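A.B. asks:
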Amino acid sequence: MRVNGWSKQFSDRWVSLSIRRKIEVFTGVVFLVISLSIIFDIWVVNFSMNDFKVILDDNAKCSDLVDTIEEEERWFEAYIKHPSEENHFEMEQAILKTKQAINALPDDYSSMNIQRYAKTWSIKNSYENYTQKRDAVLGMSEENLAYIKELYKVYDMQVYLHEYARRLMRYTLQDGKTAYLKKVRGLRRLPMVVIISGFFLFSIMLSLSNVMNKALVVPIMKLVNVSKEIAANNFFIEDVRVDNQDEIGELVNAFNKMKFATGQYITTMEERRNMIDLLHQEELEKMEAEKNLETANLELLKSQINPHFLFNTLNVIAGMANLEDADTTEKMIKALSSIFRYNLKTPQSEVFLSQELYVVKNYLYLQQMRFGSRLEYDIRCKVDKEFVMVPSFCFQPLIENAIIHGISKKEEGGKIYIDIKKRAQNIIITIADTGIGMSRDKLYQLRGAVREGSAGKIGIGLGNIYKRINRMYQEGDVLLYSTKNKGTVIKVIIPYMNQEV
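Residue numbers for the sequence shown follow UniProt numbering, so the first one is 1 and each next one is one higher.
(1) How is S227 classed by DSSP in three states: helix, strand or coil?
(2) Provide the residue(s) that pair with T430 in DSSP beta bridges, ordered along the chain.
(3) Let's see if you can read the secondary structure: which residues bound the alpha helix (DSSP H) around I379?
(4) Please classify E299: is it buried, with 16 or more other beta-carbons within 10 angstroms of its beta-carbon, or exposed?
(5) If we count the other Cβ atoms within 10 Å of its Cβ and call it buried at 16 or more, is F76 buried or exposed?
(6) Classify K171 as buried or exposed, calling it buried when 16 or more other Cβ atoms lie within 10 Å of its own Cβ.
(7) Would you mind reading off the limits of the beta strand (DSSP E) that contains S482?
(8) Going by DSSP in three states, N210 sits in which element: helix, strand or coil?
(9) Using the beta-carbon count (16 or more within 10 Å), is Y444 buried or exposed?
(10) When the distance is taken between beta carbons, is P495 closer than 8 angstroms to D473?
(11) So residue 511 packs on K484, CB below 8 angstroms; how close in whole Å?
(12) Could you tell me the boundaries of the beta strand (DSSP E) in which P391 lies?
(13) Near M497, which residues of its chain fall below 6 angstroms by C-beta distance, leaving aside the five closest residues on each side in sequence?
(14) Would L357 and K385 be called neighbours here (beta carbons separated by less than 8 angstroms)?
(15) In the structure shown, what three-state DSSP assignment does N233 receive?
(16) To which residues does DSSP link N498 through a beta bridge?
(17) Just how far apart, CA to CA, sit V224 and E288?
(18) Can you grab the Cα-Cα spacing for the pair E270 / Q264, in whole Å?
(19) Taking the straight line between their C-alpha atoms, what separation do you get for A78 and N87?
(20) Kindly confirm or deny that the stretch 50-65 and the stretch 99-106 touch, where touching means at least three C-beta pairs closer than 8 angstroms.
(21) Quick check: the Cα distance between A335 and F393, rounded to an integer number of angstroms?
(22) Which same chain residues end up closer than 6 angstroms to A402 when comparing Cβ atoms and leaving out the 5 residues on each side of it in sequence?
(23) Distance check for R21 and K228, CA to CA, integer angstroms please.
(24) Using 10 angstroms around the beta-carbon of F89, count the other beta-carbons present and answer buried if the total reaches 16, otherwise exposed.
(25) How close, in whole Å, do the beta carbons of V240 and V226 come, if the pair is a contact with beta carbons under 8 angstroms?
(26) Here's a check: name, in chain order, each residue in its chain whose Cβ is nearer than 8 angstroms to the Cβ of L161, leaving out the five neighbours to either side.
(27) Which partner residues of V351 appear in the DSSP bridge assignment?
(28) For G435, name the three-state secondary structure that DSSP assigns.
(29) With a Cβ-Cβ cutoff of 8 angstroms, do G413 and L353 count as a contact?
(30) Does D175 pass the burial test, meaning 16 or more other C-beta atoms within 10 Å, or should it be called exposed?
(31) Return the CA-CA distance between E92 and S35, expressed in angstroms with no decimal places.
(32) What is the rounded straight-line gap between the Cα of K99 and the Cα of Y466?
(33) Quick one: complete alpha helix (DSSP H) runs, 4+ long, within the stretch 61-135?
(34) So the alpha helix (DSSP H) K442 belongs to, where does it begin and stop?
(35) Quick check on T488: buried or exposed, where buried means 16 or more other Cβ atoms within 10 Å of its Cβ?
(36) Just checking my contact of G435 with K409 at CB under 8 angstroms: how many whole Å lie between their CB atoms?
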């Protein structure tokens with residue numbers, strides 16, 4: 001009886017509340033339930049996952065140590081056998097990784113057993129001694145009588161360090177297993193707590209949800225059903241009817257009035273939109289017509305200047321220069337004319353080497369007239385240029401890059417070397433300059449951009465040559481080399497093709 005009395009009092013009190021107050025009560029209960037769930041989840045995570053993360057991190061650090069020591073051994077041996085700059089760089093990187101892995105090892109005595117603690121410090125101390133011995137060997141000459149003896153001492157110390165790291169990993173795994181078993185015993189009691197707490201919270205939420213459904217959801221669903229009809233442009237359906245005398249009742253009355261007013265407004269707006277669409281379509285048609293007219297005018301202008309007019313004009317200028325005894329001017333005009341004629345009248349993808357070299361010499365002559373004594377060049381062809389086929393337009397873009405990005409930026413200028421020779425079944429075309437060159441990082445970036453085809457980073461000329469060579473020849477390639485303040489070398493490798501009958 002007492003429970004029924006409390007239930008009736010709660011029901012009467014709930015009905016008398018405004019919608020805002022009902023939402024506040026519902027929100028407060030939901031917030032309380034969510035907060036309790038979050039607090040419980042955080043506690044579970046802190047109880048279980050944090051220590052598991054420490055175990056996994058410790059295992060990962062030990063594994064990294066073993067890997068970095070092996071990597072340092074491998075690159076040290078590679079550098080000893082082949083002391084190249086690349087091997088030295090890789091060895092230094094491996095040494096840096098090993099130091100970082102050792103420094104990352106945990107050394108808190110309170111969080112590990114005595115064997116693991118002792119082995120950790122053994123590794124740190126041993127690595128310091130090993131570092132001194134290793135650096136001493138790297139600084140010794142191979143002709144030193146003690147070199148071999150000291151080198152094998154370093155190898156022995158590497159073996160000891162590797163064994164120490166494996167033992168440390170074994171001790172760390174044992175520590176992690178012990179800590180894990182302790183946590184598991186606590187976690188086994190959590191499911192029952194979770195079930196009881198979840199059932200209690202679910203009961204509260206279900207009861208409150210039923211109350212809210214009767215007070216708010218049912219009337220709102222009626223509004224939703226009518227709203228769907230309105231969404232289908234049916235504004236003149238029957239008004240919504242509810243018995244509510246609270247804010248929901250007021251909302252329904254306002255909704256019915258808005259429904260009718262919106263129907264009238266939408267009808268008016270559709271009429272206006274149709275008029276605007278018609279005007280917009282006319283404007284688009286006008287803009288398209290203007291665009292087509294501009295395009296036609298541009299094409300007409302282009303057609304008025306044709307290659308024949310250009311060549312004839314250059315020939316007339318060259319003739320006038322000859323009559324006026326302007327030999328240099330005549331030669332420059334003829335060189336420019338030959339370049340234009342070659343560019344405009346060479347549709348083939350491959351031409352004879354002699355044609356390319358003829359245009360290259362004219363181009364270099366014009367550039368030499370521009371830069372004067374700052375630009376020199378040397379062309380050496382060790383193949384039969386009259387019968388060897390090469391890709392058209394493959395020399396000039398590379399030479400232009402060498403002048404613009406290399407020699408022109410150097411106050412004293414420089415020299416361009418062009419070398420064509422046959423090696424095995426390939427033609428090797430080498431274009432080198434003594435310009436400003438580039439750093440190693442920039443060279444690596446340029447090589448990557450060439451492979452990826454990033455025209456914005458490498459320019460159209462070099463990127464176009466690389467794509468053409470790779471598309472035309474299965475075994476073709478373009479290689480780049482450069483040294484800062486010394487110059488740049490580009491090698492184009494294509495199959496040897498002789499058209500001699």
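Heads up, the beta-carbon is just placed ideally off N, CA and C, and yes, glycines get one too.
Computed from a predicted structure; not experimentally measured.
C.D. replies: Short version:
(1) helix
(2) D419 and K491
(3) No alpha helix (DSSP H) holds I379; the beta strand (DSSP E) holding it covers L375 to C381.
(4) Legend: pLDDT at E299 = 43, less than 50; position of this residue unreliable, value from coordinates given subsequently. Exposed, by the Cβ-count rule.
(5) buried
(6) Here residue 171 is Tyr; the residue named in the question, Lys, does not match the sequence. Flag for Y171 reads buried.
(7) D477 to T483
(8) helix
(9) exposed
(10) Per the sequence shown, the amino acid found at residue 473 is Tyr instead of Asp. Result yes, Cβ atoms of Y473 and P495 sit closer than 8 angstroms.
(11) The structure shown does not extend to residue 511, since the chain spans only 1 to 501, so no value can be given for it.
(12) M389 to P391
(13) M389
(14) yes
(15) coil
(16) V388
(17) 46 angstroms
(18) 10 angstroms
(19) 7 angstroms
(20) yes
(21) 16 angstroms
(22) I416 and D433
(23) 29 angstroms
(24) exposed
(25) 5 angstroms
(26) I69, I123, S126, Y127 and Y130
(27) V390
(28) coil
(29) no
(30) buried
(31) 52 angstroms
(32) 42 angstroms
(33) 85-103
(34) R440 to E452
(35) buried
(36) 7 angstroms
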